[in-house]
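Participant: Using my numbering, the letters of the sequence shown correspond one by one to residues 14 to 745. Sharing a structure below in structure tokens format, with a few things to ask.
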Amino acid sequence: TCCSCPPPSLSLWTVMKSGPEIVKAGLRSFFESASEDIEKMVENLRLGKVSQARTQVKGVGQNLTYTTVALLPVLTTLFQHIAQHQFGDDVILDDVQVSCYRTLCSIYSLGTTKNTYVEKLRPALGECLARLAAAMPVAFLEPQLNEYNACSVYTTKSPRERAILGLPNSVEEMCPDIPVLERLMADIGGLAESGARYTEMPHVIEITLPMLCSYLPRWWERGPEAPPPALPAGTPPPCTAVTSDHLNSLLGNILRIIVNNLGIDEASWMKRLAVFAQPIVSRARPELLQSHFIPTIGRLRKRAGKVVSEEEQLRLEAKAEAQEGELLVRDEFSVLCRDLYALYPLLIRYVDNNRAQWLTEPNPSAEELFRMVGEIFIYWSKSHNFKREEQNFVVQNEINNMSFLTADNKSKMAKAGDIQSGGSDQERTKKKRRGDRYSVRTSLIVATLKKMLPIGLNMCAPTDQDLITLAKTRYALKDTDEEVREFLHNNLHLQGKVEGSPSLRWQMALYRGVPGREEDADDPEKIVRRVQEVSAVLYYLDQTEHPYKSKKAVWHKLLSKQRRRAVVACFRMTPLYNLPTHRACNMFLESYKAAWILTEDHSFEDRMIDDLSKAGEPEEEEEEVEEKKPDPLHQLVLHFSRTALTEKSKLDEDYLYMAYADIMAKSCHLEEGGENGEGEEEVEVSFEEKEMEKQRLLYQQARLHTRGAAEMVLQMISACKGETGAMVSSTL
14 TCCSCPPPSL SLWTVMKSGP EIVKAGLRSF FESASEDIEK MVENLRLGKV SQARTQVKGV
74 GQNLTYTTVA LLPVLTTLFQ HIAQHQFGDD VILDDVQVSC YRTLCSIYSL GTTKNTYVEK
134 LRPALGECLA RLAAAMPVAF LEPQLNEYNA CSVYTTKSPR ERAILGLPNS VEEMCPDIPV
194 LERLMADIGG LAESGARYTE MPHVIEITLP MLCSYLPRWW ERGPEAPPPA LPAGTPPPCT
254 AVTSDHLNSL LGNILRIIVN NLGIDEASWM KRLAVFAQPI VSRARPELLQ SHFIPTIGRL
314 RKRAGKVVSE EEQLRLEAKA EAQEGELLVR DEFSVLCRDL YALYPLLIRY VDNNRAQWLT
374 EPNPSAEELF RMVGEIFIYW SKSHNFKREE QNFVVQNEIN NMSFLTADNK SKMAKAGDIQ
434 SGGSDQERTK KKRRGDRYSV RTSLIVATLK KMLPIGLNMC APTDQDLITL AKTRYALKDT
494 DEEVREFLHN NLHLQGKVEG SPSLRWQMAL YRGVPGREED ADDPEKIVRR VQEVSAVLYY
554 LDQTEHPYKS KKAVWHKLLS KQRRRAVVAC FRMTPLYNLP THRACNMFLE SYKAAWILTE
614 DHSFEDRMID DLSKAGEPEE EEEEVEEKKP DPLHQLVLHF SRTALTEKSK LDEDYLYMAY
674 ADIMAKSCHL EEGGENGEGE EEVEVSFEEK EMEKQRLLYQ QARLHTRGAA EMVLQMISAC
734 KGETGAMVSS TL
């Protein structure tokens, strides 16, 4: 993995065009050494030096380990980088091209060898060969047209220079083990027509198919059907004869191979078919829809319905029998998900390429495809095991569904190191997730339906909207399909009422003007059928997108096991005030309050206000040294003000505020004086006391003013919203 990271970060075009000569020599040396190492491994396998025993020769084991573990992944990444950026015409030239020819022949001959050791390597060999076929600037499967290729070493080099490089006299002798294009196409066609399984011809599926799926799209762009800008006037004949017929024939054969192997237990190679076949779908013809896609989808729909019905029957059986049957059902769902993920990536790309035409020119085959895809989606939405097995399949194989939805040719269905062909038990092994590899929104079953949804909506007339809404309501009431159809039959008169509106009259005229729609607009059976099919799909799609929309208001976020244990532990803990130490502290505080605080004559509330307030103006020198401390009383008033401002409904009783309001009231007014019958001396003394009280009152009022107490009182009264209560009484 680490060795595969540097190649994509290199600009090989810059290296070969303007790099130092020592760097170019190093690159040429790498390709030459790589071809020698692969040739040596092929020779060791041919001579039988490779064995599973520990007595194997040390050098042979080192060569096998290095080639399979390090060299093949690096070459795969490097060739993929070259093909992606189209560096092949500038990098794979001269002696580098000769080394790539040798590597090509060695990998193909190794992949077609019948050997137990090669069986595990064949997927990795096929991927490397596919990347090399896309990067090669030479149409190596069509040697008869090589003379028109300006990048071929047989065109750029003289016979003497070719002899120095060790090349044979003719290009046909460069790859004697690789058949020509037409022979390879015939082999794949024969495999598809005969219905042979993977075990009979594994090299055709793992080696030949990936190579052709990369070779054909690359050379179609330079073939006789290429767009005019790619073939300017005066250029020599094309160096390839690849046409769209080759691409369509190959895609059709791939779909036949998928159909022939649907439902078999061990078919891990089907995961990789959808990846390699992605580039050829862009040139698929519309005829493939009726001849290949619909029959394949039809078989998958029948299998999905069969497995879902078996799952429904298990729910009615005894618990012991249901457990054994559920394991079998899960195995069937696992195989079904694998088959769907072999077809749906191709179907998504095909639908994207043809949807615009199907919308402008209604196609009965496209509408039938929508019905089948919709039925599979409804089966999926009803079955919990179906959803779970799809999630297990995606997570275990590390599939990036977004790469298929965004038409990314770099997507990988299987892991890079997955070179084993396991069965369904291995496929369903639970593995740790790395990030969010699966979600309902990226499920290919849901995504394919969304791609086809415009086709389904295009089937409906403008007046069907109200009927669709009513049908969705009936599905929400748990009605069956038959009950919904009967309900629609009884309410078809609503369509006539809506059709009379001027806003829909012209839309219905346009709908009837579309070929084939006039009969559908007036036939009650067809109206009921299309409304029921579309409404069922829309209802279950809405349930998938908004799963909690129709359920009761409950907590949907469940606690994990760790958090649940922590909550239960908190409930079982002894409260803090019941601990022996804290019980002693509480008793001491109560005794201290009764013995000391309650016996004092002065008011502790006044002392508290004085302690919380600033003690006077500090000296200037101290201001420079000491930092300004926060005013606790100001913070308390600010807290009450913010509480009043942020209160949106009823103002709750705040005992802290009411206690503070009682204390603040003593700082806002004087108590009534003594009796009028007192003596003159007492009057004079009481006058002095009143003067001191007045000054003290002014000081306290000023102190409250600086802290915003008046604003706090007004905000509290406003927050009460005219309702009387304890808070209002304390404030007033």
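C-beta atoms are modelled at their ideal positions from N, C-alpha and C, and glycine is treated no differently.
#1: Measuring CB atoms only, is the region 121–128 touching the region 158–177, in the sense that at least three cross pairs come out at less than 8 Å?
#2: Tell me where the alpha helix (DSSP H) around alanine 199 begins and ends.
#3: Please report the straight-line C-alpha distance between tryptophan 282 and leucine 225, rounded to a whole angstrom.
#4: Assess contact between the region 256–264 and the region 182–189, defined as three or more Cβ pairs (one per stretch) separated by less than 8 Å. Is contact present?
#5: Below 8 Å, how does it come out for the region 198–210 and the region 149–162: are there three or more Cβ pairs, yes or no?
#6: State buried or exposed for asparagine 76, treating a residue as buried only when at least 16 other CB atoms are found within 10 Å of its CB.
#7: For phenylalanine 406 versus isoleucine 468, is the C-beta distance shorter than 8 Å?
#8: Pull up the distance between the alpha-carbon of serine 743 and that of phenylalanine 584, whole angstroms please.
#9: Excluding the five sequence neighbours on either side, which residues of its own chain have a C-beta within less than 7 Å of the C-beta of valine 55, listed in chain order?
#10: Does the distance from the C-beta atom of phenylalanine 100 to that of arginine 144 stay below 8 Å?
#11: Could you tell me the alpha carbon to alpha carbon distance between valine 726 and arginine 709, rounded to whole angstroms?
#12: Can you have a look at alanine 715 and say buried or exposed, based on whether 16 or more other CB atoms are within 10 angstroms of its CB?
#13: Note down the Cα distance separating threonine 737 from isoleucine 676, rounded to an integer number of angstroms.
#14: List the endpoints of the continuous alpha helix (DSSP H) containing threonine 557.
#15: So isoleucine 51 and threonine 90 are in contact, right, with Cβ under 8 Å, and what is the actual spacing, rounded?
#16: I'd like to know whether the C-beta atoms of leucine 356 and glycine 338 end up nearer to each other than 8 Å.
#17: Which parts of the region 458–489 are runs of the alpha helix (DSSP H), unbroken and 4 residues or longer, counting only runs that do not cross its ends?
#18: Please name the residue, chosen from Val459, Glu234, Gly265, Ile105, that lies closest to valine 386 on a Cα-to-Cα basis.
#19: If you drop the 5 nearest sequence neighbours on each side, which residues of the same chain put their C-beta closer than 7 Å to that of cysteine 733?
#20: Starting from alanine 723, follow the alpha helix (DSSP H) in both directions and report where the run begins and ends.
#21: In three-state terms, what does DSSP make of glutamate 660?
#22: Count the other CB atoms, across all protein chains shown, that sit within 10 Å of the CB of methionine 149; report buried if there are 16 or more and exposed otherwise.
#23: Identify the continuous alpha helix (DSSP H) that holds proline 150 and give its terminal residues.
#24: What is the DSSP secondary structure of leucine 142, reduced to helix, strand or coil?
#25: Cα separation between arginine 269 and threonine 221?
#26: Please state the DSSP three-state secondary structure of phenylalanine 100.
#27: Report yes or no: do three or more beta-carbon pairs, one from the region 282–291 and one from the region 315–330, lie closer than 8 Å?
#28: Taking Cβ to Cβ, would you say valine 650 is nearer than 8 Å to glycine 721?
#29: Going by C-alpha to C-alpha distance, which of Asn410, Thr419, Pro358, Ile277 sits closest to aspartate 344?
#30: With glutamate 307 and alanine 290 assumed to form a contact (beta carbons below 8 Å), what rounded beta-carbon distance in angstroms separates them?
#31: From tryptophan 832 to arginine 576, what does the alpha carbon distance come to, in whole angstroms?
#32: Going by other Cβ atoms of all chains shown within 10 Å of its Cβ, with 16 needed for buried, is lysine 170 buried or exposed?
#33: Give a yes or no on whether the C-beta atoms belonging to glycine 202 and serine 295 are separated by under 8 Å.
#34: Taking the alpha-carbon positions, what's the isoleucine 750 to isoleucine 412 distance?
#35: At a threshold of 7 Å, does alanine 147 count as lining the ligand GTP (C-beta to nearest heavy atom)?
Facilitator: Walking through what the data contain:
#1: no
#2: 194–207
#3: 16 Å
#4: no
#5: no
#6: buried
#7: no
#8: 38 Å
#9: Ser119, Ser122, Leu123
#10: no
#11: 21 Å
#12: exposed
#13: 21 Å
#14: 537–558
#15: Incorrect: roughly 16 Å between the Cβ atoms, too far for contact.
#16: no
#17: 478–489
#18: Val459
#19: Leu664, Met740, Val741
#20: 722–732
#21: coil
#22: buried
#23: Note, proline 150: premise wrong, no alpha helix (DSSP H); not H, not E.
#24: helix
#25: 16 Å
#26: coil
#27: no
#28: yes
#29: Ile277
#30: Just to set this straight, residue 307 is isoleucine in the shown sequence, not glutamate. Isoleucine 307 to alanine 290, Cβ: 18 Å. No contact.
#31: The question about residue 832 has no answer here: the residues shown for the chain are numbered 14 through 745.
#32: buried
#33: no
#34: Any answer about residue 750 is impossible in this case: the structure gives the chain only from 14 up to 745.
#35: Within the structure as shown, the ligand GTP is missing, as the structure has no ligands at all.
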